[in-house]
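Worksheet for the structure shown next.
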Amino acid sequence: MGYSIHFDADTGILTVTQVGAVTFESRRKLLDEILTAIPEEGELKVLSDLRQAEVSMSSDEAIKYGELIVQGGHLREAKIAMVHPIGKENNYLTESVVLLDGDTLRLVTFTSMQEACQWLSES
Numbered sequence: 048m049g050y051s052i053h054f055d056a057d058t059g060i061l062t063v064t065q066v067g068a069v070t071f072e073s074r075r076k077l078l079d080e081i082l083t084a085i086p087e088e089g090e091l092k093v094l095s096d097l098r099q100a101e102v103s104m105s106s107d108e109a110i111k112y113g114e115l116i117v118q119g120g121h122l123r124e125a126k127i128a129m130v131h132p133i134g135k136e137n138n139y140l141t142e143s144v145v146l147l148d149g150d151t152l153r154l155v156t157f158t159s160m161q162e163a164c165q166w167l168s169e170s
């Protein structure tokens with residue numbers, strides 16, 4: 048898996064772009080890197096661009112990944128928009144775990160970058 052991380056100071060959005068084969072382990076390592084790099088306070092807006100990625104995770108791994116996101120204390124106030132290509136937006140197990148256990152953490156799956164950015168920009 049290849050990836051890039053970019054923070055746009057004007058919008059306050061941290062964009063994480065992943066390409067190629069994406070597994071539970073590669074996503075876990077990337078999440079650890081992001082948690083180390085972000086501030087501990089304040090609302091964080093994350094745009095996870097998976098349009099060029101081939102995500103390969105079992106149902107159990109998707110649930111476990113959602114639990115890791117919820118446990119990332121820095122993400123307590125985060126808004127996370129995940130953008131998948133149409134027909135590959137199989138992120139609903141992860142999204143459900145975050146919805147049930149995430150308190151103020153919000154994670155939504157999109158198939159459009161424009162819609163994801165608009166949602167992140169809303170208060």
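The numbering used here puts the sequence shown at residues 48 to 170. For each residue, glycine too, the CB sits at the ideal point set by N, CA and C.
Taking C-alpha atoms, which residue in the options lies nearest to residue i?
i      : options                           : result
Gln99  : Val130, Gly113, Asp150 and Val117 : Val130
Ile60  : Gly67, Phe157 and Ile52           : Ile52
Gly119 : Val69, Gly67, Ser103 and Ile85    : Ile85
In the DSSP assignment, find the unbroken beta strand (DSSP E) run with residue i in it and report its ends.
i      : result
Met129 : Lys126 to Val130
Leu97  : Lys92 to Ser103
Thr156 : Arg153 to Phe157
Checking 8 Å against the spacing of the C-beta atoms, do residue i and residue j come in under that value?
i      : j      : result
Thr158 : Ala109 : no
Lys111 : Phe71  : yes
Ala128 : Ser95  : yes
Ala68  : Val93  : no
Arg123 : Asp150 : yes
Gln65  : Leu97  : yes
If you draw a straight line from the alpha carbon of residue i to that of residue j, how long is it in whole angstroms?
i      : j      : result
Ile116 : Asp57  : 25 Å
Met160 : Asn138 : 16 Å
Leu78  : His121 : 11 Å
Val63  : Ser73  : 13 Å
Ser103 : Ile81  : 20 Å
Glu162 : Thr156 : 10 Å
Glu101 : Trp166 : 24 Å
Thr83  : Cys164 : 24 Å
Met48  : Leu152 : 26 Å
Tell me where the alpha helix (DSSP H) around residue i begins and ends.
i      : result
Asp107 : Ser106 to Gln118
Leu77  : Phe71 to Ala84
Give me, in chain order, the residues of the same chain whose beta-carbon lies closer than 7 Å to that of residue i; leave out the 5 immediate sequence neighbours on both sides.
i      : result
Val144 : Ile110, Gly113, Glu114 and Val117
Ile133 : Thr158
CB-CB under 6 Å to residue i, same chain, minus the five flanking residues each way: which ones, in chain order?
i      : result
Leu154 : Ile127, Glu142 and Val145
Please go through the same chain and pick out, in chain order, the residues whose beta-carbon is closer than 8 Å to the beta-carbon of residue i, but skip the five residues on each side of it.
i     : result
Arg75 : Tyr112 and Leu115
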